[in-house]
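So in my numbering, the last spot in the sequence shown is 1019, and the numbers never skip.
Don't be surprised by glycine CBs; every beta carbon is placed ideally from N, CA and C.
Quick caveat, the model's predicted, so the values are computed rather than measured.
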Amino acid sequence: MPEINGLSRAFAEAHPADAARVLEGLSAADTAAFVAALAPQLAAPILRHLGPPYGARVIGQLEEGQVAAVIQIMGPQAAARVVQQLPAERQLQLLARLPVGTSIAIRLLVGYPKGTCGACMDPWPLALAPEMPVAEALEQTRKFDGELGDCLFVANGQRRLFGVVSLGELVRAGSREPLSAIMRPVAHTVSALASAALIAADPGWDEFHVLPVVERENRLVGALHRRGLSAALAAPDARSRPHLAAGVFAAYWQTLSALTEVVIGALPPVPPVAGERRNNER
């Protein structure tokens, strides 16, 4: 492929989805050459819009350092859809080059069966304690660099989901009120093992554009954004995936979840570190 000119670069930056559609008409080698010539900040949105099987073929022809840089920018949900298509050995090599938090998030998403809500959720939702004052919650929301929906989740230290607070309610509330005083009961949750195709018709979308994803005992494991769900269902093979696949893995994930809680419970308490995003990941 010839060297990228300024017009091609500008088109890729302004219209990544359209650029992806054009590139999918080329060979994976040509697309890889195009992507490799772009900065990771420009390449990531294009790879995010490529079909996962084709995207995996493109990534397979990039250098490890390039792939790691792009994967970090793509975000865990989009990255997981591509990583799932790679051979197991290649997955391990790639994940080993990523920051620990990003690697864990992608491993979690890849581990869920394809076509389930767990496989397309955001594993880094902002979860706030019920006793947190509104003023502090607003500050945490402003500092959060992940994806925010139109509501916030209220959960305890063990990630047990207690309620939800809409952003509008949070802004209007008194600054000293605890979240427990303004939160509403959780009317709609999504099982991590539920079929994503079936959840697309869930009545909870009439209330919010993000739904909490839970596992056993109402433990919050992620957030399912309507936009993320639409992207997952738009994948070429999404509608053909069997909905019963989740049932095969249900016992496994319930057991793993229980073991994880035991391990976490045995760990010594660690004081929070101000300004670090990992507060929101744990």
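Reduced DSSP category for residue i - H, G, I as helix; E, B as strand; rest coil
i            : result
residue 771  : helix
residue 899  : strand
residue 1006 : Low per-residue confidence applies at residue 1006: pLDDT is 43, beneath 50, and the placement is therefore not dependable, though the value from the model is reported in the following sentence. Coil at residue 1006, not helix or strand.
residue 932  : strand
residue 748  : helix
residue 757  : helix
residue 964  : helix
residue 853  : strand
residue 846  : helix
residue 875  : helix
residue 957  : strand
residue 915  : strand
residue 971  : coil
residue 884  : coil
residue 863  : coil
residue 1032 : The question about residue 1032 has no answer here: the residues shown for the chain are numbered 738 through 1019.
residue 923  : coil
residue 906  : helix
Among the options, nearest to residue i - alpha-carbon criterion
i           : options            : result
residue 761 : 750, 792, 776      : 792
residue 918 : 932, 901, 928, 929 : 901
residue 966 : 958, 807, 856, 766 : 856
residue 938 : 754, 747, 970, 953 : 970
residue 862 : 961, 897, 785      : 961
residue 841 : 799, 822, 809      : 809
residue 865 : 751, 898, 928      : 898
residue 816 : 824, 843, 767      : 843
residue 764 : 749, 807, 790      : 790
residue 947 : 956, 932, 746, 904 : 904
residue 750 : 928, 885, 780      : 780
residue 814 : 825, 824, 879, 848 : 848
residue 956 : 883, 928, 799      : 928
residue 821 : 798, 802, 846, 799 : 846
residue 745 : 800, 923, 818, 771 : 771
residue 748 : 782, 767, 914      : 782
residue 933 : 759, 968, 800      : 968
residue 823 : 833, 801, 797      : 797
residue 802 : 896, 752, 833      : 833
Rounded distance between the beta-carbons of residue j and residue i, thought under 8 Å
i           : j           : result
residue 859 : residue 788 : Contact flag wrong, Cβ pair sits at about 21 Å.
residue 795 : residue 754 : Actually they are not in contact, since the Cβ atoms of residue 795 and residue 754 sit about 16 Å apart, beyond 8 Å.
residue 831 : residue 804 : 6 Å
residue 811 : residue 827 : Contact flag wrong, Cβ pair sits at about 16 Å.
residue 925 : residue 944 : 7 Å
residue 756 : residue 777 : Wrong, their Cβ atoms sit about 15 Å apart, outside the cutoff.
residue 942 : residue 963 : 6 Å
residue 930 : residue 874 : No, residue 930 and residue 874 are not in contact; Cβ-Cβ is about 30 Å, not under 8 Å.
residue 773 : residue 799 : 6 Å
Any non-hydrogen atom of the ligand ADP closer than 7 Å to residue i Cβ
i           : result
residue 955 : Among the components modelled here there is no ligand, and therefore nothing to report on the ligand ADP.
Only counting runs of 4 or more residues, tell me where the alpha helix (DSSP H) segments fall wholly within the region 763 to 834, in order along the chain. 765 to 773, 777 to 786, 789 to 796, 801 to 811, 813 to 820, 825 to 833
Three or more beta-carbon pairs under 8 Å between the region 843 to 853 and the region 887 to 898, yes or no? no
Report yes or no: do three or more beta-carbon pairs, one from the region 862 to 872 and one from the region 832 to 850, lie closer than 8 Å? no
Please confirm if the region 946 to 956 is in contact with the region 906 to 918, defined as three or more CB-CB distances below 8 Å between the two stretches. No, the region 946 to 956 is not in contact with the region 906 to 918.
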